[in-house]
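A.B. asks: One structure, pasted below without further comment.
Residue numbers (the working numbering): 909 to 1289.
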């Protein structure tokens, strides 16, 4: 398996404090990808899921039940006719549109099949046995699991009292931090960290550390975005995905934005070929749609606020979310509630060890959330 690592890569890993015993695990990460149990949101959910019946309500993986927008569906459908061609230029179109919209030069953007690949490649590129991975607790765990898998220390920093990232504690977590990961809004809490706090973190982080800002849910919240930090060539990597507001979780499209030398380090650990042309066509169409983001932001907010009001009326305490997921305190072990909800054919998110009585719920359609309300009251009675 280590043959997938070049001699140059092996020497670089040794220079960063890895032992040859870890080469096999790093090679596994590069080749197994989505087969690994921590790879992405569906994989994380898969760890505790039971096969669901066809009529189940699936609000467990922060998917967008609306699916791709009309323009994206039409573009992907039309592209199927050309499925016999490689059409490498389709990814180039996405890169050109995204970089222009973000005010970046094309060499500041890389296109991927989703955002899980650049997350894991960045862990390999910037973390090591002496360079920890720092994340919020509770936070999106995939990068931390990847760091642990290759033998890099993982430091979990509790959220602040207002449920934002505690950026001062994260900056102080390790003087040699390799990668400081911020999902904003946070997964699983759906809470936003102020941009001024993110700017403070980038200015005050340990020298040599890289701040990764995962903007998977930022469109849903309405910003703020941090592409200006990339344009200013800060030590920042931004992740974007089409899985959330654009409803393309199954089609797979995403991007990383960073200073060219940082992108080159991440790209050095990539073992991927061309991007699927259907997802690239759908991604281009999604970016060019004038209506999909504002319409879906309003729809998700309306459904989320309705269910949060409902829970408040029934005296359940929820974390104040601005995303397409929220956490509610059940005052009971979360695994018990998750299992009981599954028996009602409503599947909610996985547990977080640090908050053992909270469950994460994805915001689905209004009909799905109405079924959630009925099942939740029954389970909590």
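We put the CB at the ideal spot given by N, CA and C, even for glycine.
These numbers were taken from a predicted model, which means no experiment stands behind them.
Can you give me the Cβ contacts of residue 1128 inside the same chain, cut-off strictly under 7 angstroms, excluding the 5 residues immediately before and after it?
C.D. replies: Closer than 7 angstroms at the Cβ level, and outside the excluded window around residue 1128, lie 1152, 1153, 1205, 1208, 1231, 1232.
A.B. asks: Pick out whichever of 916, 1014, 1276 has its Cα sitting closest to the Cα of residue 1168.
C.D. replies: Residue 1168 has its Cα closest to that of 1014, out of 916, 1014, 1276.
A.B. asks: What alpha helix (DSSP H) runs, 4 residues minimum, are completely inside the region 1182-1233?
C.D. replies: Counting only runs of 4 or more, we get 1185-1196, 1200-1221.
A.B. asks: Would DSSP call residue 969 helix, strand or coil?
C.D. replies: DSSP places residue 969 in coil when its eight states are reduced to three.
A.B. asks: For residue 942, count the other beta carbons within 10 Å of its own beta carbon; 16 or more makes it buried, fewer makes it exposed. Which is it?
C.D. replies: Burial call: exposed.
A.B. asks: Per the contact definition of three or more C-beta pairs closer than 8 angstroms, is the region 1085-1098 in contact with the region 1116-1123?
C.D. replies: These segments touch.
A.B. asks: Just reading off the alpha helix (DSSP H) that residue 1095 is part of, what are its end residues?
C.D. replies: Careful: residue 1095 lies outside any alpha helix (DSSP H) and carries neither H nor E.
A.B. asks: Would you mind working out which of 1177, 1068, 984, 1115 sits nearest residue 1101, comparing C-alpha positions?
C.D. replies: Selected option, being the one with the closest Cα: 1068.
A.B. asks: Which of the three DSSP states is assigned to residue 1141 in this structure?
C.D. replies: Of the three classes helix, strand and coil, the one that applies to residue 1141 here is coil, per DSSP.
A.B. asks: On the DSSP letters alone, give me the boundaries of the alpha helix (DSSP H) that residue 1032 sits inside.
C.D. replies: Taken as a continuous stretch (DSSP letters only), the alpha helix (DSSP H) holding residue 1032 covers 1024-1034.
A.B. asks: Return helix, strand or coil for residue 1115, following the three-state DSSP convention.
C.D. replies: It is coil, neither helix nor strand.
A.B. asks: For a quick check, are the C-beta atoms of residue 972 and residue 1048 less than 7 angstroms apart?
C.D. replies: No, these two residues do not count as a Cβ contact at 7 angstroms.
A.B. asks: Across the region 993-1012 and the region 1173-1184, are there enough close Cβ pairs to call them in contact, namely three or more that are closer than 8 angstroms?
C.D. replies: Verdict: yes, contact present.
A.B. asks: Going by DSSP, which residues form a beta bridge with residue 1018?
C.D. replies: According to DSSP, which records beta bridges pairwise, residue 1018 is partnered with 1164.
A.B. asks: Using a Cβ-Cβ cut-off of 7 angstroms (strictly less than) and excluding sequence neighbours within five positions of residue 1019, which residues of its own chain qualify?
C.D. replies: Same-chain partners within the cutoff: 999, 1002, 1003, 1163, 1183.
A.B. asks: CA-CA distance, residue 1261 and residue 1243?
C.D. replies: Distance between the alpha carbons of residue 1261 and residue 1243 is about 10 angstroms.
A.B. asks: Please classify residue 1083 as buried or exposed, where buried requires at least 16 neighbouring CB atoms within 10 angstroms.
C.D. replies: That one is exposed.
A.B. asks: Look at the alpha carbon of residue 1110 and the alpha carbon of residue 946, and state the distance between them as a whole number of angstroms.
C.D. replies: Using only the alpha carbons, I get a separation of about 27 angstroms.
A.B. asks: Exposed or buried, what is residue 985 when buried is set at 16 or more other beta-carbons lying within 10 Å of its beta-carbon?
C.D. replies: Its Cβ having fewer than 16 others within 10 Å, residue 985 is exposed.
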